[in-house]
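Just so you know, we're using the working numbering here: the sequence shown kicks off at 1215 and counts up by one.
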Amino acid sequence: MLRDGWKDGAGPMQPIQILQPDSDGYLATALERLLDRLLPIALECGDVHSRPRSRQRFKAVVRKVIQARQRVACLRGVVNTLLAPRIRDMDAQLEEIATSKKLRQENVKRFLENYRQPQLSREVPVGQVTEDMTTKPLLETQCRFWQVADKAAGKVPECRGEPRQSDSKQSWIARGARERRPQRWGLAERLRRPEPAVSQWDVMSSGLKHFSAAQKVQKVELGLTKSTSLPSLHSKHGGFGKVDETCETCDEAPMATTFTDSWKAKQKSGGSMSRYMTACERGNILPKPLDFIASGSASLNAANWGLADSDLIPVVTMFRSASFVQEVDLSANTLLTDKSLVPLLQKMMRNAACQGMARLKLRQCWRLGAPAVEAVIGLLSSCWGLTGLKLLDFSGVLIPVRLQLDFCEAIGEHPNLTSVKLADTGLGSNPAARSCLEALFRCNTLTALDLSWNAFKDEVFVAIGSFVAASHVHLQSLAMSNCSSANLSLSSEQVQPANLMLERLGQAQRLSYLDVSMNRLDLSGALVLEDALGRHPTLTELDVSRNSFSKLGAHSLLRLFASSRLERLHCAESFDMGTSGRFFQLCNPEGEYSLNLSLPHHRSILRMLLKLCKRLRLTVKQAFIDMQPLLTLPDQEEDGVFRVPSSGRVSFTFSSTRAAGPDVYEEPARLDAALQDRLELCRVQLRVDKAVLMIPIFESLQDKLPLIDALAKNFILSYAHVEMLCSLGKSMLAPTVILRLLHTTAASKLCRYMCLLLAGSKAQYIQIQKRARLSLTFTPSNPSMHYLLILSEACDFHLAESIRILDRWESNCATRCGLVDNSQSGNQSQVRNELYEGRKPCFRSLGDWELPLQGRLEFDFAGGPRPRPGTEPAPAGSFNKLFEVVLHSGCKPKQQLQALRAVSPYIYVSSSQLRALLGSVCVPQDTKDKKDAAETAKEVRLQLFHIFYYRLTDIWNVKVCKARFSSEEYTSLTTRLGPVKFLPFVQPEQALLELDFAIHDHKLAVSIFVMLCQKEGALFQEPRFIREDGTEDKLVTGVPRAWARYSDCPKAGFFRAKYAVAPEKRSVKTRTEFLATYGRWRAPALAKEDICWWSQLSDVSLDVIRFLEVICEKYPDLKEAFRDIDGEGGNGGISILEFEEYCERVVDSRFSKNRRDRFRAIFRFLDATMEGNISMEEWGLLDTVKCELDRQTHDLHAFLLHRFKGGLEQEQWKRQLDEAGYFGASAELFSIMDQPNAGSISYDQFRRFFSGRSTRDGCAKS
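Right under this line is the structure:
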């Protein structure tokens, strides 16, 4: 895999092409182009002295781009540097293998030249042989080997004339009978098919018996002196003869000829070799060209040779006179039994040549029995045995139960053993397995142990963990593959056996390799591994393959890999299966916990929380809240491990943000940096070297999404990391990588933009931007808005985490400052109206809720910094440019919303400016579905008000902006922001209250209004109280005064009323105090003249508006109308009689019906205190209504000039304005323009109406 990417001198990670502009020269979308035009204007609206110059900003951007590209080049260099030694090692290994094969061929040639006499050979089949020869017939193996050796020596077999394959069966029998000492091939005969007795000497393959007499056979020249025994290395054709030209080809294996004389060994000096050849000759055994035999090597390396007892017995004779034996490797020779191996082991006893033997390997010699095991025990325990042995490989050999303890004791008492392999030896079946392992671990020199494929019980796992962590044990390598016994009935409250051992491995300080593959580890096991091995000082390689961790297990394992000293992590087939239980999110640990401390993974969770407290510099008391029962948890570590209780249960709420974070109200500029610092503390910084070492892990996984999700939720990445992953994966994977990892580069907006350019096409670029739009435009300094998050999207999940942190910080700030709790649930949270999958979730606060990894989460966030006193709104010139850009952008309403949301932290606006900005959102003329587009525009305006609500510099004039909303929209805003935060503290006149006592902030709003009513002497008009059981109380005696105290308010029920107060009774000071106390606004000291008093047309009846129009047509000033109604010498007030007398003189077709009742309703509207008299201040309420009418008229005029002209009937008027996306009081304006009350207006009427008001729009433009 690595070599394929190393061709032509190039590294495995190649740079990829970034996104290029299209044919029109545009790279960005319409939204980005709008944002690009708005951002400079928004910066102009900020503080000029703190704004860097454009040239300096440009240089800073260029520097960041250069730094990002330098990091990419550095990462590529590190990749090449770290992977180059691996490539060199692979080349060196291949070269060593080639050299070894060449040396073996030379040794075989020398062996054949020195120890082979001329002789005839019986017919031997030649078969195809691979390097693994455990399942091939020995005879075929050797003959094929000689053929390869002849070819290696460059010898070509010559053609001989005899014998022929077509000879009769009788001639073959007679030829065999003439042999002096017939050679008997025991193993070959056992592997052959049974044949009749008459053909016992017929060794010709059954596949060749169908040959006709005309067929030719191969003829062989054997030996140096024309021997016809074994194949010759000196013959011309490799010792197997040359096929006659008349021979026909066939698919069967060629056959060697038979021999008439048995072969004899040439007498050579050398005791051990002479004994071996003599033993082979006497036993009619074919010699084996082993290095131990052929070249006199000190290592008997016969692994995978397919040896039988008859092959090993002659080798035993060589041990008598051997000078030194370094190694005996008989691995995978499954035919060996005690018959041959016991004598071999006995020869090692009291043998000076074997006392220094370093390695004894009997792996997979599964036919060995108790005698062989007893012989090994004797060699290990005797001072005359293998005292210098370093490695013992007994894997695959079943050790009898009665001998297991003696075997382990012999190993434990051995003075020099460093590596022991006891895989699949049946240790787990012993009831005394713990005693066996205890004896085994007494070996002080042991550094490598393999206990794989032994099914251990729970207590044995605990013992292994304790033994490995003991001070006298110096294990560096431990293999425990497939040691966990299968128990499908385990529940979540029962202990996984392997977890007991893993928990203690953190104390094994010398361990460098650990194999726990195939141990049925689940998600809890991954968590225990992370906790136990996260700070291990020496562990460099970990194998957890084929465990059912599930996709969530990748989070723990990847964090472990990045934060530890691990260099290799083997996790094949570990994330493809498994069920996910409760998922512990280290980057988002807030929530309620109920832990059973008898479970290892629950103890791991508690320890990881304690580690996080230490990293965040929090005490246990600050982070662990409402702990039941109260435990004494350690603040400091002992020997690198937190000592936590191992039994009992504990429940608590963990909060890492209650005692930390900036002051949201005093330090709003620090929120961005503080949030980033908080995420960096809880997440893992992916170092360059770890990123390179992660490449093999990434490429080894077929499904790469678990790894990408783990990176998205637990790491802080840079542009270089994202580019590396895009270049490693397939092109179709690049959009997924960018989308899921885009938020991990949140430290730099430039990095995020450069990551977006890695998209392969503009379509992918737009798709990524659409799905990550909320994350891209999120502003921590102004997070107030409505959120709809898809938690399966990594960007949205990260956004939910950020909102939780900001909410907790503001709650902490409010608690420290002693501010009144104005939250919806009485928990100081700024999050409202939470819905998960369309339902109200069961949690007290979003900050204490464990976020699920998927699902649809919807909520409103109504909080954030408020403007400081004296903050100036955007300059008129800059705001007008911004307004024109948005109005003429041609973007859809949602795109306008996203652009304005992105620039909202840079500008402050006045209430009048926000009202104008809301009017810039309209439906494009080319929209096909006008109705749906109008609903979308309506929702966008609500969102826009929500976003800019806490950017208002004159909150006391917010009624100017609220007045443009309809009653339905006003109710929606009250639900989103909350009745207390949206309460008109400074101008509560005519406010309609519809409040539920069961909700905390609704109950608080009632208490606030009752207190204000008592201080100002106001009235609640038409009060109604519906109890919890549904009965109604009309409150005939008035609203109870006790409701001014929050604790005395009813716990349930519904309250409805309208607040009314005379203008002269307004207490601006009290209202300003309530604004600061309950609304958390820092307003300056206000006077009545500083407030732009306003009215909402939705709170005013049409008759009042029509009466106002009649008055305005007759009098240029409303005060003059008041004096006229009061009469000469009046008392400064208008009584009901005076008002009715004046109304009788009014001649207007719009008051033709029920005149008396309608005029009395107008009088009651103006008489706020219900005293029967209208004062000059109360008459001024008409002036506020007139200002709103003039502003509505101005807004409509601007809108129609922007869109179209025409004359319409009332129904068409409303429908066209709604479809066009007009935002305002359309019905009321139509009533004013339709003076004849004809139900329609002409264009001339419309033009005269606006021309008549052109001189009266000063208030509207203020």
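Ideal Cβ positions, reconstructed from N, Cα and C, are used throughout, including at glycine.
Element boundaries [alpha helix (DSSP H), containing residue i]
i       : result
Gly1679 : 1672-1682
Ala2274 : It is not in any alpha helix (DSSP H) - Ala2274 instead sits in the beta strand (DSSP E) that spans 2268-2274.
Tyr1727 : Note, Tyr1727: premise wrong, no alpha helix (DSSP H); beta strand (DSSP E) at 1727-1729.
Asp2010 : 2008-2031
Met1999 : Note, Met1999: premise wrong, no alpha helix (DSSP H); beta strand (DSSP E) at 1999-2004.
Gly1805 : Premise fails: Gly1805 lies in the beta strand (DSSP E), 1805-1810, not in any alpha helix (DSSP H).
Gln1842 : Looking at the DSSP string, Gln1842 is not in any alpha helix (DSSP H); the run it does join, the beta strand (DSSP E), is 1838-1842.
Presumed contact (8 Å Cβ cut-off) between residue i and residue j, rounded CB distance
i       : j       : result
Cys1940 : Leu1972 : 5 Å
Leu2233 : Met2384 : 6 Å
Ile1909 : Leu1885 : Their Cβ separation, rounded to whole angstroms, is 37 Å, which puts Ile1909 and Leu1885 out of contact at 8 Å.
Leu1559 : Leu1593 : 6 Å
Tyr2273 : Pro2193 : Not really, about 12 Å apart at Cβ, beyond 8 Å.
Arg1821 : Ser1860 : Their Cβ separation, rounded to whole angstroms, is 12 Å, which puts Arg1821 and Ser1860 out of contact at 8 Å.
Tyr2001 : Ile1980 : About 22 Å; that fails the 8 Å criterion.
Leu1641 : Leu1603 : That belief does not hold up - the Cβ atoms of Leu1641 and Leu1603 are roughly 20 Å apart, past 8 Å.
Thr1639 : Ile1613 : 5 Å
Leu1521 : Leu1549 : 7 Å
Ala2212 : Ala2266 : 5 Å
Ser2445 : Arg2320 : 7 Å
Asp2262 : Ala2256 : 4 Å
Cβ pair residue i, residue j closer than 9 Å
i       : j       : result
Leu1771 : Ala1924 : yes
Arg1577 : Lys1635 : yes
Leu1606 : Ile1591 : no
Met1791 : Ser1764 : yes
Ala1683 : Ser1698 : no
Cys2105 : Ala1256 : no
Glu1781 : Ser1759 : no
Ser2126 : Val2200 : no
Ser2309 : Leu2395 : yes
Ser1738 : Gln1710 : yes
Glu1652 : Phe1621 : no
Thr2286 : Ala2276 : no
Leu2431 : Leu2403 : no
Asn2047 : Thr2189 : yes
Ile1527 : Gly1497 : yes
Own chain, CB closer than 6 Å to residue i, minus 5 neighbours either side, in chain order
i       : result
Phe2269 : Leu2209, Val2220, Phe2239
Cys1210 : As displayed, the chain neither begins before 1215 nor continues past 2476, which places residue 1210 out of reach and without an answer.
Ser1695 : Ser1666, Asp1729, Ser1731, Met1732
Arg1404 : Confidence is the limiting factor: at Arg1404 the pLDDT is only 37, short of 50, which leaves the residue's position unreliable, though a coordinate-based value still follows. Result list for Arg1404: empty, nothing under 6 Å.
Residues near residue i in its chain [Cβ-Cβ closer than 8 Å; skip 5 each side]
i       : result
Gly1805 : Thr1867, Phe1868, Asp2062, Trp2063, Glu2064
Tyr1240 : Confidence at Tyr1240 is low in this model, with a pLDDT of 49, below 50, so the placement of that residue is unreliable and no value is reported for it.
Pro2079 : Val1878, Tyr1879, Pro1882, Leu1885, Ser1995, Asn1996, Tyr2164
Thr2284 : Leu2226, Lys2229, Glu2230
Arg1779 : His1750, Pro1751, Thr1752, Leu1753, Thr1754
Met1487 : Tyr1329, Ile1507, Gly1510, Met1532
First and last residue of the uninterrupted beta strand (DSSP E) at residue i
i       : result
Tyr1933 : Element bounds for Tyr1933: not the beta strand (DSSP E) but the alpha helix (DSSP H), 1933-1942.
Arg1194 : A question about residue 1194 goes unanswered here, because the residues of the chain that appear run from 1215 up to 2476.
Lys1561 : Counting along the chain, Lys1561 falls outside any beta strand (DSSP E), though it belongs to the alpha helix (DSSP H) covering 1552-1562.
Ala2439 : Note, Ala2439: premise wrong, no beta strand (DSSP E); not H, not E.
Spatial neighbours of residue i in its chain, beta-carbon cut-off 7 Å, leaving aside the 5 residues before and after
i       : result
Asp2409 : Gly2133, Gly2438
Test: residue i CB closer than 9 Å to a CB of chain D
i       : result
Asn2345 : Although the question refers to chain D, the structure presented lacks it and comprises just one protein chain.
Q | Completely contained alpha helix (DSSP H) runs for the stretch 2152-2235, where each covers 4 or more residues | A | 2173-2176, 2181-2191, 2214-2230
Q. What are the uninterrupted segments assigned as alpha helix (DSSP H) that are 4 or more residues long and contained completely in the stretch 2335-2406, given in chain order?
A. 2350-2358, 2369-2380, 2390-2393
**Q.** Segments of 3+ residues assigned as beta strand (DSSP E) that fall wholly inside the stretch 2049-2110
**A.** 2070-2075
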